[in-house]
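A short worksheet on the structure shown next.
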Amino acid sequence: MTETDAHYKAPEVAGYADVPHEAKLALFDQVKADLRFGDYLYGCYECGICVAACPSARFYDFSPRRIAQAAARQDVDLVYQQMQEDIWECSQCFSCLRCPRGNNPGGLVTIMREVAVRNGLASAKQALVGYSRIIYKIMSTGTQVSPDMLQRDAFPDWGPETADVPDHLDLWRRALPAETMHTTTTGWSVAERTLVELYFIWLQTGALDMIAEVDSGLHAILQELMEERLEEEGIEL
Amino acid sequence: MPSEVRGPIEVRRRDKPAAPVADRRSLDDPRAELLALESQGELVVQKIDREAVTVLTKYGREKRIQKAHLWHHKSCGQCGHIPGYSTAIFWVMRKLGYDYHDPADQTSCTAWNYYASATSNSAAQAAVAVRNFAAAYESGYFPLIHCGTSYGHYKEVREELIRHSELRAQVRDIMAKLGKPLVLPEEIVHYSEWLHALRGEIAAQQVRDMSGIVATVHPACHYHKIVEGDAIYDPDIYGGQRTAVVTGLAQALGVEVRNYSTWFDCCGFGFRHILVQRDFTRSFATLRKIEVMKEEAHPDVVLTHDTGCVTTLDKSQFAAQAHQRNVGLAVLSDAQFAALALGAHPYRVCQLHWHSADYRPLLEKMGIDWEQAWAEFQSDLRRLESGEKRYLDWDDVGG
Ligand code: SF4
Ligand code: SF4
Chain A
23 MTETDAHYKA PEVAGYADVP HEAKLALFDQ VKADLRFGDY LYGCYECGIC VAACPSARFY
83 DFSPRRIAQA AARQDVDLVY QQMQEDIWEC SQCFSCLRCP RGNNPGGLVT IMREVAVRNG
143 LASAKQALVG YSRIIYKIMS TGTQVSPDML QRDAFPDWGP ETADVPDHLD LWRRALPAET
203 MHTTTTGWSV AERTLVELYF IWLQTGALDM IAEVDSGLHA ILQELMEERL EEEGIEL
Chain B
4 MPSEVRGPIE VRRRDKPAAP VADRRSLDDP RAELLALESQ GELVVQKIDR EAVTVLTKYG
64 REKRIQKAHL WHHKSCGQCG HIPGYSTAIF WVMRKLGYDY HDPADQTSCT AWNYYASATS
124 NSAAQAAVAV RNFAAAYESG YFPLIHCGTS YGHYKEVREE LIRHSELRAQ VRDIMAKLGK
184 PLVLPEEIVH YSEWLHALRG EIAAQQVRDM SGIVATVHPA CHYHKIVEGD AIYDPDIYGG
244 QRTAVVTGLA QALGVEVRNY STWFDCCGFG FRHILVQRDF TRSFATLRKI EVMKEEAHPD
304 VVLTHDTGCV TTLDKSQFAA QAHQRNVGLA VLSDAQFAAL ALGAHPYRVC QLHWHSADYR
364 PLLEKMGIDW EQAWAEFQSD LRRLESGEKR YLDWDDVGG
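Protein sequences appear in the order of chains A and B.
Per my numbering: the first sequence = residues 23 to 259.
Per my numbering: the second sequence = residues 4 to 402.
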């Protein structure tokens, strides 16, 4: 083992599989290739202002300063470790935009997460356990949050008021004065043509393909649904 | 800006030679950049074409807020889980007599999912944004964004499109295949900016006295942190040191807004945390926000202006009660609060039965008999159950 490919954590405590240096380098190259990377990182003063503002740093072993520094130093081992461990702790609040150097550590995390998803990293698979339902909802219906998600077993910690909602759902929705909001399975009623246009975007930009590595079953279901609807509408990919 | 007006510190900094680093935090004048790109044939800019109110941004730029003929870009979190947030926005607009369009040709910005799971990419996110903006453009109504995250994300997308010609080309190509232009509005406007700009008109029609109410304000991260230069600041509100929206409206309605030390902290929403890691969300929302507000400011209500913030601050208090924490504080959006000030019904319009934290003491302080109001709403529901009507409409709710 050379000094450059030393582990930051020994494999037995790391909680993720080690991979050859070249594989880590390839992942970091994908991070750097994102067109936003240059807008998000200008080097780091190591001042810690971002850490002071960061909610996740307060509750987890997580630091936006370390995210910015590892990327600025091109420390591919540490970047890999962060992609396997740290990035899913970030709250994506962007308080770290207070950075006096003009960095965007939260934005770096967004890019690193994208690369983790696209490459099917274990951390991404684990982070998205229990999340498939939500990806299905947003990609197939065009609204992420629907009234029928408010179920007792899904939000037991939200109190009796939330537990009340499913008992009255249809009636309470029909009592809303805005015509678009009488729905129960979507946030509002989305036009059919609008949905097909959304499907076109997911397919055309490779967004749908990103989930193939983390959830192949969900990917197959969504792909079939979207391609069928596009064909019916006569939109060619 | 007149020289005697003392602006926020960033405005004053602008008088000094611009530091290149500070410039990169967000663009000085995205509107000018858009118009320049339009003149080069790169994109189309939807112009403000009705009466508008001029406000100042953090960087001292004049931003115009169109008053009427608005295209409502709804929020899935608001419509889905706290629908009185959305109905209150519509209701206030109707009350002031301004026309609008509530489209079905609109998807979510999909940014909640993006910030939670990263199962998308910059091209897809930009295309989703532009597809919605194109739908507004085709309708002739000017977009007004309900969600703080949609607003912040769309401003982020606008900066990416301005900075990167290859992204513009990719999105232009996708839009062309859908028969739409690459179009962005002259200004990206959040509904809380509209409320702020029209706070004088709202206060002029106020029917409920709010002078006994004490509030704390939680400024939404994705409103004032993402593309910070474009958020509204006012030298007369916090000396221009924090965003003026929400606070400006509350003060115009006679509310006493009190300070608290963790105002800059986020609410704890976390995007993925609120869905799959709620121990973090609950802890942060109660320990760093609600308890601090209660200890330092003793408010009657927390006012905020984003989907995630209302949800998080409201829903996180229940579990903390079991641990005898110092919680129990009503959480309302600025839109719901403005609607109540204008005489809106707490259930028919503001839909407070979808909220969790106890709002009843607040209603009592406003002089609202919530038991009677609830009985009125129950009689509405009986009309629906009996088949007398299938849906309630704006006439039924007094709007
Ligand atoms: S975006 Fe992430 S890294 Fe930045 S302050 Fe928020 S939680 Fe911390
Ligand atoms: S605030 Fe910026 S410069 Fe300071 S430690 Fe964080 S990333 Fe580095």
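Where is the CB? At the ideal position from N, CA and C, for every residue including glycine.
In this text, all values refer to a predicted model and were calculated from it rather than measured experimentally.
Ligand 2 heavy atom lying under 7 Å from the CB of residue i
i: A:Arg-58; result: no
i: A:Tyr-67; result: yes
i: A:Cys-70; result: Per the sequence presented here, residue 70 of chain A reads as Gly, with Cys not at that position. The answer is yes for A:Gly-70.
i: A:Cys-121; result: yes
Where the beta strand (DSSP E) through residue i begins and ends
i: B:Ile-65; result: In the sequence on display, residue 65 of chain B carries Glu and not Ile. Taken as a continuous stretch (DSSP letters only), the beta strand (DSSP E) holding B:Glu-65 covers 65 to 69.
i: B:Thr-307; result: 304 to 307
i: B:Val-47; result: 47 to 49
i: B:Leu-187; result: 186 to 188
i: A:His-241; result: Segment 238 to 255 is the alpha helix (DSSP H) holding A:His-241; no beta strand (DSSP E) there.
i: B:Ser-336; result: 333 to 336
i: B:Thr-219; result: 217 to 221
i: B:Thr-246; result: Neither: B:Thr-246 is in no beta strand (DSSP E) and is coded neither H nor E.
i: B:Ala-288; result: No beta strand (DSSP E) holds B:Ala-288; DSSP gives it neither H nor E.
i: B:Trp-74; result: 73 to 76
i: B:Thr-57; result: 55 to 59
Chain-ordered chain D contacts of residue i [CB-CB under 7 Å]
i: B:Ser-389; result: The question asks about chain D, but that chain is absent: this structure's protein chains are A and B.
Residue-level contact to chain A via CB, residue i, 8 Å cutoff
i: B:Val-24; result: With a pLDDT of only 34 at B:Val-24, under 50, the local geometry of the prediction cannot be trusted, and no value is derived from it.
i: B:Arg-27; result: Residue placement at B:Arg-27 is flagged as unreliable, the pLDDT there being 46, under the threshold of 50; the coordinate-derived value follows with that caveat. Answer yes: the Cβ-Cβ gap between B:Arg-27 and chain A drops below 8 Å somewhere.
i: B:Gln-381; result: no
i: B:Asp-399; result: yes
i: B:Tyr-157; result: no
i: B:Thr-265; result: no
i: B:Ala-333; result: no
i: B:Ile-177; result: yes
i: B:Cys-113; result: Sequence check: residue 113 of chain B is Thr here, not Cys. Answer yes: the Cβ-Cβ gap between B:Thr-113 and chain A drops below 8 Å somewhere.
i: B:Asp-31; result: no
i: B:Val-192; result: no
i: B:Tyr-236; result: no
i: B:Ser-120; result: yes
i: B:Leu-395; result: yes
C-beta neighbour in chain B for residue i, strict 8 Å
i: A:Pro-199; result: yes
i: A:Leu-49; result: no
i: A:Pro-86; result: no
i: A:Gly-256; result: no
i: A:Trp-69; result: For the sequence presented, residue 69 of chain A should be read as Cys rather than Trp. So no, A:Cys-69 is outside the interface.
i: A:Arg-58; result: yes
i: A:Pro-21; result: Residue 21 of chain A is absent from the model: chain A starts at 23 and stops at 259.
i: A:His-241; result: no
i: A:Arg-174; result: no
i: A:His-43; result: no
i: A:Ile-223; result: yes
i: A:Arg-251; result: no
i: A:Glu-107; result: no
i: A:Asp-61; result: yes
i: A:Gly-37; result: no
i: A:Tyr-153; result: yes
i: A:Ile-156; result: yes
Cβ-heavy atom distance, residue i to ligand 1, below 7 Å
i: A:Gly-124; result: no
i: B:Gly-155; result: no
Boundaries (first-last residue) of the alpha helix (DSSP H) holding residue i
i: B:Trp-197; result: 194 to 200
i: A:Thr-132; result: 127 to 140
i: A:Ile-156; result: 154 to 163
i: A:Gln-106; result: 98 to 107
i: B:Ile-235; result: B:Ile-235 -> no alpha helix (DSSP H), and no H or E assigned at all.
i: B:Pro-33; result: 33 to 42
May I have a chain-ordered list of the alpha helix (DSSP H) segments no shorter than 4 residues that lie completely inside the region 38 to 81 of chain A?
43 to 55, 59 to 62, 71 to 75, 77 to 81
Chain-ordered list of residues that sit, by beta carbon, closer than 7 Å to a heavy atom of ligand 1
Cβ atoms closer than 7 Å to ligand 1 belong to A:Cys-72, A:Ala-75, A:Cys-76, A:Pro-77, A:Ser-78, A:Ala-79, A:Pro-86, A:Ile-89, A:Cys-112, A:Ser-113, A:Gln-114, A:Cys-115, A:Phe-116, A:Ser-117, A:Cys-118, A:Pro-127, A:Gly-128, A:Val-131, B:Cys-269.
What ranges does the alpha helix (DSSP H) occupy inside the region 83 to 156 of chain B, keeping only unbroken runs of at least 4 residues that lie completely in it?
86 to 98, 114 to 120, 125 to 142
Taking the runs of the beta strand (DSSP E) that are 3 residues or longer, which of them lie wholly in the region 314 to 398 of chain B?
333 to 336
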